[in-house]
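Going left to right, the sequence shown walks through residues 173 to 467 as the working numbering numbers them. Backbone N, C-alpha and C define an ideal beta-carbon position, used for all residues, glycine too. Computed from a predicted model, the values in this text were never measured in an experiment. As structure tokens, the structure follows; a few thoughts come after it.
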Amino acid sequence: MEGLVGSQMTPITAYCKQLGSPFLPVFPPRYTKKFNFCLIGMSKSPKSLNLIAASVQPLESAKLGHFDNTLPSKEVLELWRNANAVCFDVDSTVCLDEGIDELAEFCGAGKAVAEWTSRAMSGSVPFEEALAARLSLFNPSLSQVQDFLEKRPPRLSPGIEDLVKKLRANNTTVFLISGGFRQMINPVASILGIPPENIFANQLLFGSSGEFVGFDTKEPTSRSGGKATAVQQIRKAYGYKALVMIGDGATDIEARKPGGADLFICYSGVQHREAVAAKADWVVFNFRDLINSLE
């Protein structure tokens, strides 16, 4: 791709189409706007194209950054294909949204909370500090949470259901590890067929009148390094030989520690965090890449 960066071809007759491959990243709409994919088709009829060549002209490549980990190495691919367990982050990975941001917006404090979320995911502040600060901005009641869940069902990322089905068909155990809240993650797990015991997440606490009183600080994911602790607990309990963590944030990459995940795959299909992607073993923009690599 880089060999084509310095030039831009003027197509004679161009048909635009996105290419898919087990080993080439598939960019979602927010990124495909940054590229021109010009496929020159030569045929007598538009219905029978022979695609022969493509020129790729990054329009805003500086924003995406330059990574050499969008294609998996042989070792990374082998680990992925032989994983006994795969742990998924939920917000901006399994789901399109950041759950706490959506709940805050529903309760009228969206902008202020979203700013804290961005800081937490970049790793610039301790997670427990950001979590407490965000919740204190709107103090959600039990009735608000229930109303939110009824009116705002979870929006799953494209391809996640197929990927989870594929993993389970390969006898790979799937876990959800999130800094979000069980109240919002349980419906997601139900859709994906993931049992409650395979969820590691935070718990909102309410008083006898349904008023917000805080969150359970005993949950490992309520603090910095919590996802690493959760993964280590999973590995110790089940003795998995190969375990993979997939997510988009700084708290996800922490899981790749001794006794934790063997592999960290950065999913940038919703949020592309360059600092996280740069440290990942593999960066993917579409879950179809992961599905194809298992076939």
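Judged by beta-carbon spacing, residue 303 lies within the 8 Å limit of residue 351, meaning their Cβ atoms are closer than that value. Fully contained in the region 380-444 are the following alpha helix (DSSP H) runs of length 4 or more, in chain order: 398-410, 422-425. Under the 10 Å beta carbon count, residue 274 is surrounded by 16 or more other beta carbons and is classified as buried. For residue 299, the secondary structure class from DSSP, reduced to helix, strand or coil, is helix. Residue 366 carries a coil assignment under DSSP once its states are collapsed to helix, strand and coil. Considering only 354, 249, 300, the residue with the shortest C-alpha distance to residue 423 is 300. In the DSSP assignment, residue 271 falls outside any beta strand (DSSP E) and lies within the alpha helix (DSSP H) extending over 271-278. In the three-state reduction of the DSSP assignment, residue 317 falls in the helix class. Note on geometry: alpha-carbon atoms of residue 376 and residue 339 lie some 30 Å from one another. When only Cα atoms are considered, residue 437 and residue 313 end up about 35 Å apart. The C-beta of residue 361 has 16 or more other C-beta atoms within 10 Å across all chains shown, which makes the residue buried.
Here residue 432 has 400, 403, 404 as same chain residues with Cβ atoms under 6 Å from its own Cβ, once five neighbours each way along the sequence are excluded.
The C-beta distance from residue 457 to residue 332 rounds to 14 Å, too long to meet the 8 Å contact threshold. Nearest C-alpha to residue 256 among 407, 467, 442: 407. Secondary structure of residue 263 (DSSP, three-state): strand. In the displayed model, residue 282 falls within a helix according to three-state DSSP. Per the coordinates, the alpha-carbon of residue 443 lies some 14 Å from the alpha-carbon of residue 328. Per DSSP, residue 452 lies in no beta strand (DSSP E) segment and is marked neither H nor E. Under the DSSP assignment, residue 373 falls outside any alpha helix (DSSP H), being part of the beta strand (DSSP E) whose first and last residues are 371-374. Only residues of its own chain outside the window of five on either side were considered, and among them 372, 373, 374, 375, 398 have a CB closer than 8 Å to the CB of residue 391, listed in chain order. In this model, residue 268 and residue 277 are separated by some 15 Å (Cα to Cα). Restricting attention to 310, 345, 318, 356, the CA atom closest to the CA of residue 326 is found in 356. Membership of residue 350 in the beta strand (DSSP E) is indicated by the continuous run 345-353.
DSSP places residue 459 inside the alpha helix (DSSP H), whose first and last residues are 459-465.
Distance between residue 435 and residue 347, taken at the CA atoms: about 15 Å. With respect to the 8 Å criterion, residue 453 and residue 241 are classified as neighbours on the basis of their beta carbons. Beta-bridge pairing by DSSP links residue 257 to 345, 415. By alpha-carbon distance to residue 307, the top candidate from 323, 286, 294 is 286. Comparing alpha-carbon positions, the option among 363, 383, 294 lying closest to residue 396 turns out to be 294. In this structure, the straight-line span from the alpha carbon of residue 334 to that of residue 379 is close to 39 Å. Residue 328 is bridged by DSSP to 267.
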